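First residue of the sequence shown: 4, per the numbering used here; consecutive thereafter.
A short worksheet on the structure shown next.
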Amino acid sequence: HSTGWPAAKNTASGSYAYHADNNQVALGYVVPLSYDNPHLSPFDEFQQWKQHPKIREFLEGGTRVTYGARAMIKGGPNSRPKMSFPGGLLVGDDAGPLNFARIKGNHTALKSGSLAGETLYDALAGGDTGGSDLTGYADRFNGSWLHTELHKWRNFGAYLHKFGTFIGPALAFIDQGIFQGKLPFTLRDPKPDHECLKLAADMPKIEYPKPDGKISFDKLSSVFLSNTNHEEDQPCHLTLIDPEVPMAKNYPLYDEPAQRYCPAGVYEIVEDEDGKRFQINGQNCVHCKTCDIKDPAQNIVWVTPEGFGGPNYPNM
Numbered sequence: 004h005s006t007g008w009p010a011a012k013n014t015a016s017g018s019y020a021y022h023a024d025n026n027q028v029a030l031g032y033v034v035p036l037s038y039d040n041p042h043l044s045p046f047d048e049f050q051q052w053k054q055h056p057k058i059r060e061f062l063e064g065g066t067r068v069t070y071g072a073r074a075m076i077k078g079g080p081n082s083r084p085k086m087s088f089p090g091g092l093l094v095g096d097d098a099g100p101l102n103f104a105r106i107k108g109n110h111t112a113l114k115s116g117s118l119a120g121e122t123l124y125d126a127l128a129g130g131d132t133g134g135s136d137l138t139g140y141a142d143r144f145n146g147s148w149l150h151t152e153l154h155k156w157r158n159f160g161a162y163l164h165k166f167g168t169f170i171g172p173a174l175a176f177i178d179q180g181i182f183q184g185k186l187p188f189t190l191r192d193p194k195p196d197h198e199c200l201k202l203a204a205d206m207p208k209i210e211y212p213k214p215d216g217k218i219s220f221d222k223l224s225s226v227f228l229s230n231t232n233h234e235e236d237q238p239c240h241l242t243l244i245d246p247e248v249p250m251a252k253n254y255p256l257y258d259e260p261a262q263r264y265c266p267a268g269v270y271e272i273v274e275d276e277d278g279k280r281f282q283i284n285g286q287n288c289v290h291c292k293t294c295d296i297k298d299p300a301q302n303i304v305w306v307t308p309e310g311f312g313g314p315n316y317p318n319m
């Protein structure tokens, strides 16, 4: 795991590299969607990160196998909604069990499923035929080691977001390393990600290196490896509340950040004989849902596409 370069000092990005069987390596780069520079491109940050000598040495002579992207649910206990509703429970990643400090969540997601199963078993054994709000699930969750682990690290993300990548980690070390997460307060970070962008004119532009086709790559060839597919004749699952907002508001204020925060090249500003216009390439979508979260006008609504549409990741 690493943090820092190539991200700006106030952007608490992180990364990981895991070795796997068959001489493979799994790489990932995490950018918090609370970043403030609309010129930032998470995809290009990732490509630039791979050029670092310590990472490049694992990749030279290799071949890309697959590519994917998604928005991580990293708010932890401070962002968790009510976990039960009549007829259903939030489990796995939907329950927000990711330990953001460690960028690990498989063990916690599995535990949430186990707790849900115990809750359902008790309900059925007690004669509940379904449709009830099984509030006992939250009680089990809060009484397990899962809650204990997440509660310990509850302030980690807020430290980074509020105090940056230098002071933030120091405060997190004091909180978790010395006091074991037992300080008598919870640091809140209530500002929504879509409100964090500053005006494009007030922020420095970022010039990313061109991909070399060996270590770093372009978006479209990467998306091809995700095997994403949607039926051509279905309605676009990326909808706009107001079709005028991208060009009338987001473009002049933020240089339309959708063309950069999307890791799949779904959103473009294209120019034809009628001038510039906003284009949605829904076929490229890898279902990361970043657009639904980061759009500064909250004008993009991601809805479920038809049938089996979406990415089909191999080896991921």
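C-beta atoms are modelled at their ideal positions from N, C-alpha and C, and glycine is treated no differently.
If you're wondering where the values come from, they're calculated on a predicted model, not measured in any experiment.
Per-residue DSSP class, three states only, for residue i
i	result
Lys279	strand
Gly171	helix
His290	coil
Ser87	strand
Gly313	strand
Asn232	strand
Ala23	strand
Leu93	coil
Arg143	helix
Ser135	coil
Lys155	helix
Tyr124	helix
Pro246	coil
Ile296	helix
DSSP beta-bridge partners of residue i
i	result
Trp305	Leu241
His150	Paired residue(s): none; His150 is not in a bridge.
Glu274	Lys279
Ser18	Ser5 and Tyr32
Lys107	Asn102
Counted within 10 angstroms of its Cβ, other Cβ atoms place residue i as buried (16 or more) or exposed
i	result
Gly99	buried
Lys114	buried
Gly160	buried
Ile177	exposed
Arg263	buried
Glu235	exposed
Val94	buried
Gly133	exposed
Arg143	buried
Met319	exposed
Gly171	buried
Gln50	buried
Gln282	exposed
Ile181	exposed
Lys297	buried
Beta-carbon separation (whole angstroms), residue i vs residue j, contact threshold 8 Å
i	j	result
Val289	Val226	7 Å
Leu190	Asn158	4 Å
Leu149	Thr111	6 Å
Tyr316	Thr69	6 Å
Thr168	Gly268	Actually they do not touch by this definition, with Cβ atoms about 29 Å apart.
Exercise for the section: Could you tell me which uninterrupted beta strand (DSSP E) segments, each at least 3 residues in length, are contained entirely in the stretch 25-68, listed from first to last along the chain? Expected result: 27-33
Handout entry: Completely contained alpha helix (DSSP H) runs for the stretch 159-219, where each covers 4 or more residues
Key = 159-175
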